[in-house]
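What follows is a set of notes on a single structure, which appears directly below.
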Amino acid sequence: MPERIVVSFRGTAALSQPDSTEAVVPWAGRRGATRAPGPPSRHRGAPRDAGSAARGEESYLARALALKKRAEALGATLCAWSAQTFSFEFTAEDIEEAVLLAALAAEDASVHPDARFAVGIAQGEMTYVGEAGRFTALSWGQPLLVAVMLARIALPGDVLLDPALPAVLSSELMTLGIHRGVDGARRVRGLRLDAQQPLRRQVVESVARVCKPPLIGRDGELAELTVPPGSFAIIRAEPGAGGSRLLLELLRALAPSRSLFVAPIGASREPFGALRRALARAAPRTDKGRARAPALPDRLMPALARLIAGEGVEPWTAAEVISAWLAPEGARSGLIAIDDAAEVDAASLEAIAIALEMGGGLRAVVRLGRTEPLPAPLSAFTPAATVALGPLSAAGAQDLVRRLLDGCIDEAGARRWAARAPAFPLALRELICEALESGALRWIGRSVAPRRRSAGRGRPARTMTGAELAAPPAARAIEARLRLLAIGHRTVLTALATLGGDASESAIEALCDGTGAPKVTAVQAALLGAGWVFRPEPGWLRLSSRTLRDTLLAAVPPGERSAWHLAAARVVEDHAGVLGLADAAFHAAKAGDRRSAADLAGRAARAASDALLESSAAELLAFADEQETAREHRLDGVPDSTSSQPPTYRTPIEVVGDASDPQRAAPASDPPGIDALRAAAADSSARRRGSTMPVESGGARDGGPRASRPGGAEPALPDETPADFPDVASLEEGFPFGDASGDPLAKTSESPVLSMNDIAVRLAELAKQALVQGDLRTLERLVGELRRTGEHQDLVERMSGLISLGRGAKEEALRRFRIAAEAEAPPPHRARALLAYGVALAAAGRTEGALIEALSALARAREVEDRHGEQACAQFLARLAAATGHEEAARTWAQVARLAGAAPPS
């Protein structure tokens, strides 16, 4: 016979006629004295009258029969009975029904406490004996013996559980301590069931009663945050210190005309991701029947639609949308709040910075960690106010505990629990929730008290060290809560954390598919009630804190993280817009799928380029290049390491051909057409001295309006290296090439005949020859020697930039070119430096900046009537236009170059 749960009841049945039998007589002690009365009842109240004792037999039988009917309705069968005990058995799965039956009998308010049933519950195998009716199946076994002994030692109104009961071992049932007694010659021990909250799920439901208190202990900081129109303020607070709450309270206190709440979304790689979500959440909502979305000018409506659709617009247009959205009304100006600004994508911050510069009284409040630097797009602004949030005072922490529990805990209890956690708002809230869920605190009606006298006691929390302050103070309580959470609920939370902590229900559902987790709709009520998540908008869920997100991600076993990220990449690809593929690329890279990461990043880069998001497109292309390079290294047997996020990008753009660098192996073969490019560059340089004709730059990647190519052909990407794109080598002024055989330095700096100026000229011409030949190693040595002469410093800077670009150090190369372009120099030299900077920008994929610098160089060349310079600038502009798909513009610039070359010298 399978295991059964046995519930035994013991009642007190008084004899209706005690004088009618001689079988029951008072028990005499050793010296003839009558037995002392039993221990007094632990239940307070008036003693029962004589009438109730006389009706004991009738009352006992009636209550027993009523209990039998209730047990049969719950699916139980009567398995044994005696004069004052009777037992029912349930199937092993019906533990809740068994506990409900016992709790109802023990808490029967219609019966005097001393007359209530005492109950014992045990579980095990039973032996079937026979049937005695429809709902009676006589059986016997060890569980029956244990349950009856527990009922015999239990006090009236108590339910004692066998400590070996599976539901006790799994902490499914809530207990109030241990009760011990003696039954016959045996010592018996049982756990007292909490009859008012017997099931853990009932305890968990009490977490939903935790209140959202008003802002406590931050009045001074709130008063310091004065944000005049046209300014911005900073809130510095570590996770869990209440920075986000203070930000929301400030939004209400300042009463702006309109406001936007910008927070990180997803993996924070999508350009304009945070701004898009903020606008999407604010646009369709209404507040008390009044539309919150403003009426934008007609010219900005398409831009708003593109932003919300995730297609992106150029930063200036996005800034215009923000400025119009938050336009002042009367004396009130708009306000934009940025939470966790260090994690917000750079494109969103750049648009916000431009909007602040536009004027109109727009204000901004930024929340950062205590040590996090201000993001680069906002670093040019001087904050009007800065506040830093620390721990609450002892009185503030106690007040917060009382308000969290709706005033249902006394002063001593509030003081006890406030000392159990660091005095940060999130840590205290998570501690209270953990105490309620674990059963340490018991919330019945309007009373909150420890379930056991020892709960909440012990050594108070000591003063935290610097390292502990750096860690999220609420992490320990969150970890304890997660251990009590059902595996299905926790899987849903992990999926949400993997998606960034803020995602649509459909995306969470898709990510959980195949994990065995329940449907999101089946668990969202429990997660919302327990404060794990909240709804930022219909159909979306967001984790309650960044600390919870980080704790969930840290708890994922290392061996399972790749699988989570791989699944997340597919989900994001299916649910996000075209710019959102940047997030999918991040997840694919974390999963080690370099090929998919490169493909997704490339698609996102093309979309960013179409939207004129120059910086975002360049970074995404660089990230795609990095993933492709890492994939090739892994295929070659080089160990691959997956970084936690895209690092400082290394873009190996072959601007000057393949270098014969002994520190790294040469590629197996040159890109298609590279030999032709080098030959054309060398022929051009030898044919005309002083020419600054632009050369190979790796391709334009973004910026500028794009025209579709004939036949629908897509513009060539850098990986495809178009054969007609210019080469950088002939940027420099041409010099007669000398004999390149042997050591070039032996004929320059070591010559006792040449003057320093002759040496510099000779070094310069040899450097150009090494540049055309793609010999980076020799070029680097020549530039070093040329730098020592102190001559041609503008040439040195440009050559150094080319070397850095050839090594893949994009940012260093651009820095050198920018220094050379900004240096004071005669107009012809300045034009040459500007053009070199433009070509380098094009090689780095920043075609919008390349166009601006090339036009500036053209203006400088025309200013001094430098025909060679004008021709070189026009040729570069023609190549740039052709590479970006603007065929008509390319033909126009080619005509300008021919006219400049045909003009007689001035």
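Following our numbering from start to finish, the sequence shown increments by one per residue and tops out at 891.
Cβ atoms here follow ideal geometry from the backbone N, Cα and C, with glycine treated the same way.
From Ala615, Gly516, Ala240, Pro521, residue whose alpha carbon lies closest to that of alanine 248: Pro521
Isoleucine 323 in three-state terms, based on DSSP: strand
Spatial neighbours of proline 458 in its chain, beta-carbon cut-off 6 Å, leaving aside the 5 residues before and after: Gly225, Pro407, Phe409, Ala412
Minimum C-alpha distance to alanine 259 - residue among Leu239, Pro128, Asp324: Asp324
As assigned by DSSP and simplified to three states, the class of aspartate 147: coil
Residues bridged to aspartate 487 (per DSSP): Arg527
Start-to-end residues for the alpha helix (DSSP H) that takes in alanine 835: 832 to 848
Bridge partner(s) assigned by DSSP for threonine 62: Glu74
Residues that phenylalanine 519 bridges to, as DSSP identifies them: Arg527
Exposed unless 16 or more other CB atoms sit within 10 angstroms - verdict on tryptophan 402: buried
Cross-strand partners of tyrosine 113 (DSSP beta bridge): Ser124
Extent of the continuous beta strand (DSSP E) run through proline 435: 432 to 435
Aspartate 487 versus Tyr45, Gly251, Leu231, residue with shortest Cα-Cα distance: Gly251
Sequence-distant residues of its chain with Cβ nearer than 7 Å to glycine 562 (five each side left out): Ala294, Gly295, Glu296
Helix, strand or coil at valine 131 [DSSP, three-state]: helix
Cβ-Cβ separation, alanine 56 to leucine 86 (assumed contact under 8 Å), whole Å: 6 Å
Span separating the alpha-carbon of arginine 801 from that of aspartate 851: 24 Å
Beta-carbon proximity check, isoleucine 219 vs valine 350, cutoff 9 Å: yes
Reduced DSSP category for valine 541 - H, G, I as helix; E, B as strand; rest coil: coil
Pair within 9 Å by beta-carbon distance, arginine 466 and cysteine 418: yes
Residues near glutamate 110 by beta carbon distance below 8 Å, same chain, minus five either side: Met(-14), Pro(-13), Glu(-12), Arg(-11), Gly126, Gln127, Pro128
For serine 364, three-class secondary structure by DSSP: coil
Other residues of its chain near aspartate 728: CB distance less than 7 Å, five sequence neighbours each side excluded: Legend: pLDDT at aspartate 728 = 41, less than 50; position of this residue unreliable, value from coordinates given subsequently. If we look at aspartate 728 and ignore the five residues flanking it on each side, it has no Cβ neighbours.
First and last residue of the uninterrupted beta strand (DSSP E) at phenylalanine 861: Unbroken run through phenylalanine 861 is the alpha helix (DSSP H), 852 to 868; no beta strand (DSSP E).
Terminal residues of the alpha helix (DSSP H) in which histidine 572 lies: 566 to 575
Length of the line joining the Cα atoms of arginine 177 and glutamate 422: 18 Å
N- and C-terminal bounds of the beta strand (DSSP E) containing alanine 399: Counting along the chain, alanine 399 falls outside any beta strand (DSSP E), though it belongs to the alpha helix (DSSP H) covering 396 to 403.
Of the residues Ser600, Phe608, Ala603, the one placed nearest aspartate 584, counting alpha carbons only: Phe608
C-beta atoms of alanine 132 and valine -8 nearer than 9 Å: yes
Cβ-Cβ separation, leucine 597 to glutamate 833 (assumed contact under 8 Å), whole Å: 7 Å
Span separating the alpha-carbon of valine 508 from that of proline 300: 40 Å
Contact check, leucine 146 vs isoleucine 138, beta carbons under 9 Å: no
Inter-residue Cα distance where the pair is threonine 536 and valine 824: 46 Å
At least 3 beta-carbon pairs within less than 8 Å: the segment 163 to 170 vs the segment 185 to 202: no
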